[in-house]
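Read through the structure below, which is laid out as structure tokens, and then see the notes.
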Amino acid sequence: MKFQYRLPDLGEGITESEIVSWGVKNGDTIKQDDLLLEVANDKTTIEVPSPVTGLVKSIFIDDGNIATVGQILVEIDVDDAWAAKTGFKIEGEAHIEAEPEAPMVEVPAAVVAPKEGVVLAKAKAIPSVRKYAREKGVDINGIPATGRNNTVTREDIDLFLNGAPVVASVVESAAPIAPVFEPEITVDSGGYRRETMSPMRKATMQAMVRSATEIPRVTVFADLNATKLVEHRESYKAYAKEKGVNLTYTAYFVKAATAMLKKYPIFNAFVDEKNFEIVYRNAINIGVATNTDGGLYVPNIKHADSKNLFEISEEIQKNAELATEGKLPGSSMRDGSFTITNVGGVSKDSVYSTPIINYPEVAILGTSRITYEPVVNADRELEVAPVMKLSFTFDHRVIDGVEAQKALDELKSLLADPNKIVLEG
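What follows is the structure in structure tokens.
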């Protein structure tokens, strides 16, 4: 019985993934739940276990290439004894025969230049191959692709560099078009270098552009007298350490945000642009922006309203470690309610910012480093106190300035007196 494993739909609008590495090769015997392969996409890297026990018959796509959702990746001869024991059956399109081998590509005898009014098609290639082309000083869009799914490979580039004649891949316009002009890039005598974006940087770029172009955003600011916040954390740091927990200020921000969302549910919503509806979430999942060498991740604390400060601190730390290792599951970044971005750990000063909303959420809180500044106390006396700058960005399509100010004031009130946060649960 032949089983064909296809790239599954991972959700989040992801239509393709890179095959990072195979855990097997043709002719290997594999058991159910053994590592089959590792794939990476714009969200995360995933280790895929084998769903069956059997003999690896054919691997249809090599390491480093891009596969699309539904594409057959590997064919396995299922072990009959295992299938009988487990009751395994192949249904539907799993019976489809292996894809026929791609026809040999005949290399023409001369380079054919694109006709006037014809634009070179954008080549399909993984980032490492694009980087290789740039290093070799060739335009990857003019190299014919022989890889699966019409993907340009390193071998295609080498063939081109070794003098093999090629035919440029072109897209013919339906009607004559004006020449395509690109802005001139001026480079000084020192030159420059290019660097391929990581999958996460690419995803961040796309998300930020979408948020910035689709959401009319406004940011309001406040200064928080953090005297009681600092005292509260210092009072319980040792106790938290005994429990193996690093009690962070971010945990306080998360708890304050959950209380604010309960009071002002419009901030736990998203916009259905198609139907002109505001959709309110039931769960409260607070995202915490996490910076790593691989890019920016925003895992969220699921059901944050049901967790205490210690539990939230533990989860923040765990998510940060997984993000750093590139092992953060995609599910941890889905269904967020509201995001907190805290630059206090890296900033030298307390600064305001204008954080961009984590689409499709409708608001985000930016916090900064605590610094000591002169403030006027309740007795109208000047004193020096720990102060934190708060920056609160909101979606003006569904939230008015008055609502945003009330929400920020609520956050400020809770953080100024952490006992309120504890009482909120």
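Going by the numbering used here, the residue at position 311 of the sequence shown is 1382; the numbering climbs one at a time, nothing skipped. Even glycine gets a Cβ: it sits at the ideal position worked out from N, Cα and C. Source: prediction; values computed, not measured.
Environment of residue i [buried if 16+ CB atoms lie within 10 Å]
i, result
"Ala1274", "buried"
"Tyr1076", "buried"
"Lys1334", "exposed"
"Thr1464", "buried"
"Pro1445", "exposed"
"Met1276", "exposed"
"Thr1321", "buried"
"Glu1344", "exposed"
"Asn1097", "exposed"
"Ala1498", "Past the edges of the chain, shown from 1072 to 1496, lies residue 1498, and the structure says nothing about it."
"Met1268", "exposed"
"Val1433", "buried"
"Glu1386", "buried"
"Ala1152", "exposed"
"Asn1317", "exposed"
"Val1110", "buried"
"Tyr1351", "exposed"
"Val1183", "Reliability of the predicted coordinates at Val1183 is poor, the pLDDT of 39 falling under 50, and the value obtained from them is presented with this limitation in mind. With fewer than 16 Cβ atoms within 10 Å of its Cβ, Val1183 is classed as exposed."
"Val1359", "buried"
Beta-carbon spacing of residue i, residue j below 8 Å
i, j, result
"Leu1436", "Phe1324", "yes"
"Ser1403", "Leu1332", "no"
"Val1140", "Leu1078", "yes"
"Pro1426", "His1303", "no"
"Ser1421", "Thr1319", "no"
"Leu1144", "Ser1121", "no"
"Asn1390", "Thr1410", "no"
"Lys1460", "Tyr1423", "yes"
"Thr1363", "Ala1394", "yes"
"Val1200", "Asp1134", "no"
"Lys1207", "Leu1232", "yes"
"Ala1297", "Ile1492", "no"
"Ser1497", "Thr1290", "Residue numbering for the chain in the displayed model covers 1072 to 1496; residue 1497 lies beyond these limits and cannot be assessed."
"Ile1161", "Met1072", "yes"
"Ala1330", "Glu1495", "yes"
DSSP-derived helix/strand/coil call for residue i
i, result
"Ser1403", "helix"
"Tyr1307", "helix"
"Ser1269", "coil"
"Ser1088", "strand"
"Val1176", "At Val1176, the pLDDT of 38 sits below 50, so the modelled position is not reliable; the number obtained from the coordinates is stated separately. Three-state DSSP puts Val1176 in coil, outside helix and strand."
"Ser1129", "strand"
"Ser1462", "strand"
"Asn1212", "helix"
"Ala1562", "Here the chain comprises residues numbered 1072 to 1496, so residue 1562 is not present and cannot be evaluated."
"Ala1340", "strand"
"Leu1078", "coil"
"Gly1366", "strand"
"Thr1124", "coil"
"Glu1454", "strand"
"Ile1492", "helix"
"Leu1479", "helix"
"Thr1361", "strand"
"Asp1134", "coil"
"Glu1432", "coil"
"Val1316", "coil"
"Asp1420", "coil"
"Asp1376", "helix"
"Val1095", "coil"
"Lys1073", "strand"
"Val1523", "Because the chain spans 1072 through 1496 in this model, residue 1523 falls outside it and cannot be assessed."
"Thr1275", "helix"
Residue range of the unbroken beta strand (DSSP E) whose run includes residue i
i, result
"Val1325", "Segment 1320-1334 is the alpha helix (DSSP H) holding Val1325; no beta strand (DSSP E) there."
"Glu1118", "1116-1120"
"Ile1383", "Looking at the DSSP string, Ile1383 is not in any beta strand (DSSP E); the run it does join, the alpha helix (DSSP H), is 1380-1396."
"Phe1231", "From DSSP, Phe1231 is part of no beta strand (DSSP E) but of the alpha helix (DSSP H) over 1225-1232."
"Ala1138", "1137-1139"
"Ala1354", "Per DSSP, Ala1354 belongs to no beta strand (DSSP E) and is neither H nor E."
"Val1291", "1288-1296"
"Ile1411", "1409-1413"
"Val1110", "1106-1111"
Opening and closing residue of the alpha helix (DSSP H) in which residue i lies
i, result
"Ile1441", "Counting along the chain, Ile1441 falls outside any alpha helix (DSSP H), and DSSP gives it neither H nor E."
"Ala1155", "1151-1157"
Residue i Cβ short of 7 Å to the ligand SAM heavy atom set
i, result
"Phe1381", "The ligand SAM is absent from the structure shown, which contains no ligand whatsoever."
At least 3 beta-carbon pairs within less than 8 Å: the stretch 1144-1155 vs the stretch 1117-1135 = Result yes; three or more Cβ-Cβ pairs closer than 8 Å.
Should the stretch 1371-1382 be regarded as contacting the stretch 1346-1359, the criterion being three or more beta carbon pairs within less than 8 Å?
-> The stretch 1371-1382 is in contact with the stretch 1346-1359.
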